[in-house]
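Chemist: Numbering (my numbering), first residue to last: 5 to 235. Please find one structure pasted underneath; my questions will follow.
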Ligand SMILES: Nc1ncnc2c1ncn2[C@@H]1O[C@H](COP(=O)(O)OP(=O)(O)OP(=O)(O)O)[C@@H](O)[C@H]1O
Ligand SMILES: [Mg+2]
């Protein structure tokens, strides 16, 4: 369980996160929505230790990891798939996964991973550069899983993917949910978020302003969209 309380982050003099409160219970998928520039990626980057928080706490399994360095956060059990995926273009699918494996994966050994991502299994020996955008995204997620994370942070996995591929991605994320993987998912694609998340939360200017189940979100979607999400 990841519990973020009163999280504040500055970039120099810019006060970006202004008291973020968010809980990601074990085995749940929590979606974080919001317009461009409200601080969604900054939230993930702060949890990961890539930006130091200026206040608040980030508890992972009851331990406050706020201010820890990225490698310590990773060791504590947080895996992060940034925007843009960043896989190794010259390594094959298998090599990309293997380099991320610190010790032999307990929860996610290669056969289990490849069973979850059939398109990667077919392309196991292809180089990263020769994968489609969707396959690269799947690979980035597979690579994050081999560290057996307690929580997985995904930053806009649907970005730049065709609708059909987004649907495939939704299927994969739903399978992860069935396997009890805990995910904090940042998304601009509301349909994807609605399809996979247990709760949807909306951020405005560095603060959480709304949170609901998908059912309730759907019922209130028109209003939430026009108030908080569309420009
Ligand atoms: N390294 C940085 N230095 C200074 N300001 C930054 C830095 N990174 C982001 N910002 C600013 O912080 C604010 C929040 O950025 P962030 O990337 O968290 O937004 P976001 O919600 O992820 O937006 P998007 O939907 O565009 O990805 C923005 O105003 C952005 O310009
Ligand atoms: Mg972002």
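By construction, the Cβ of each residue, glycine as well, lies at the ideal position given by its N, Cα and C atoms.
Under a Cβ-count criterion, where at least 16 other Cβ atoms within 10 Å of its own Cβ denotes burial, should residue 153 be classed as buried or exposed?
Modeler: The residue labelled residue 153 in the question sits at position 149 within the chain shown. Classified as buried, residue 153 has 16 or more neighbouring CB atoms from the shown chains inside 10 Å of its CB.
Chemist: Flag residue 160 as yes when its Cβ comes closer than 7 Å to any non-hydrogen atom of ligand 2, and as no otherwise.
Modeler: Mapped onto the chain shown, residue 160 falls at position 156. Flag set: Cβ of residue 160 near ligand 2.
Chemist: Within the continuous beta strand (DSSP E) that includes residue 35, where are the two ends?
Modeler: Taking the chain shown and counting its residues from 1, the one referred to as residue 35 is at position 31. Start and end: 33-37.
Chemist: Beta carbon of residue 22: closer than 7 Å to some heavy atom of ligand 1?
Modeler: Here residue 22 corresponds to residue number 18 of the chain shown, with the count starting at 1. Residue 22: no, Cβ never under 7 Å from ligand 1.
Chemist: Just to check my reading of the structure: residue 197 and residue 35 have Cβ atoms closer than 8 Å, yes? What is that Cβ distance to the nearest angstrom?
Modeler: Here residue 197 corresponds to residue number 193 of the chain shown, with the count starting at 1. Here residue 35 corresponds to residue number 31 of the chain shown, with the count starting at 1. Their Cβ separation, rounded to whole angstroms, is 4 Å, which keeps residue 197 and residue 35 in contact under 8 Å.
Chemist: Taking the runs of the beta strand (DSSP E) that are 3 residues or longer, which of them lie wholly in the segment 113-188?
Modeler: List check, beta strand (DSSP E) in window: 155-159.
Chemist: In or out: residue 234 buried (at least 16 other Cβ within 10 Å) or exposed?
Modeler: What you label residue 234 is simply residue 230 of the chain shown in a count that begins at 1. Answer is exposed; the Cβ neighbour count stays below 16.
Chemist: Would you tell me roughly how many angstroms separate the C-alpha atoms of residue 163 and residue 87, rounded to the nearest one?
Modeler: For this step, residue 163 is matched to residue 159 along the chain shown. For this step, residue 87 is matched to residue 83 along the chain shown. For residue 163 and residue 87, the distance between alpha carbons rounds to 8 Å.
Chemist: Looking only at its own chain, which residues have a Cβ that is under 8 Å from the Cβ of residue 67, when we skip the five neighbours before and after it?
Modeler: On the chain shown, residue 67 is found 63 positions in, with the first residue counted as 1. Only 80 meet the Cβ criterion.
Chemist: Hey, would you say residue 91 sits closer than 8 Å to residue 132, going by beta carbons?
Modeler: For this step, residue 91 is matched to residue 87 along the chain shown. For this step, residue 132 is matched to residue 128 along the chain shown. Against a cut-off of 8 Å, the Cβ pair of residue 132 and residue 91 comes out as a contact.
Chemist: Please go through the same chain and pick out, in chain order, the residues whose beta-carbon is closer than 8 Å to the beta-carbon of residue 207, but skip the five residues on each side of it.
Modeler: In the chain shown, residue 207 corresponds to position 203, counting from 1. Cβ neighbours of residue 207 beyond the five flanking positions: 24, 36, 37, 38, 42, 43, 44, 47, 213.
Chemist: Using DSSP bridges, identify the partner residues of residue 196.
Modeler: Taking the chain shown and counting its residues from 1, the one referred to as residue 196 is at position 192. In the DSSP output, where bridge partners are listed per residue, residue 196 has none listed.
Chemist: Buried or exposed for residue 15, please, with buried defined as at least 16 other CB atoms from any protein chain shown within 10 angstroms of its CB.
Modeler: What you label residue 15 is simply residue 11 of the chain shown in a count that begins at 1. Exposed, since its Cβ has fewer than 16 Cβ neighbours within 10 Å.
Chemist: Give the secondary structure of residue 223 by DSSP, where H, G and I count as helix, E and B as strand, and everything else as coil.
Modeler: For the purposes of this step, residue 223 is taken as residue 219 along the chain shown, with counting starting at 1. Per DSSP, reduced to three states, the secondary structure at residue 223 is helical.
Chemist: What are the boundary residues of the alpha helix (DSSP H) that includes residue 40?
Modeler: Taking the chain shown and counting its residues from 1, one reaches residue 40 at position 36. No alpha helix (DSSP H) contains residue 40, which DSSP labels as neither H nor E.
Chemist: Confirm, please, whether the CB-CB distance from residue 77 to residue 13 is below 8 Å.
Modeler: In the chain shown, the residue the question calls residue 13 occupies position 9. In the chain shown, the residue the question calls residue 77 occupies position 73. Result no, Cβ atoms of residue 13 and residue 77 do not sit closer than 8 Å.
Chemist: Just to confirm, does residue 50 get its C-beta within under 7 Å of one of the non-hydrogen atoms of ligand 1?
Modeler: Along the chain shown, read from residue 1 onward, the residue named residue 50 stands at position 46. Incorrect: residue 50 has no Cβ contact closer than 7 Å to ligand 1.
Chemist: I need the DSSP call for residue 50, collapsed to helix, strand or coil.
Modeler: Along the chain shown, one-based indexing puts residue 50 at 46. Looking at residue 50 - three-state DSSP - the assignment turns out to be helix.
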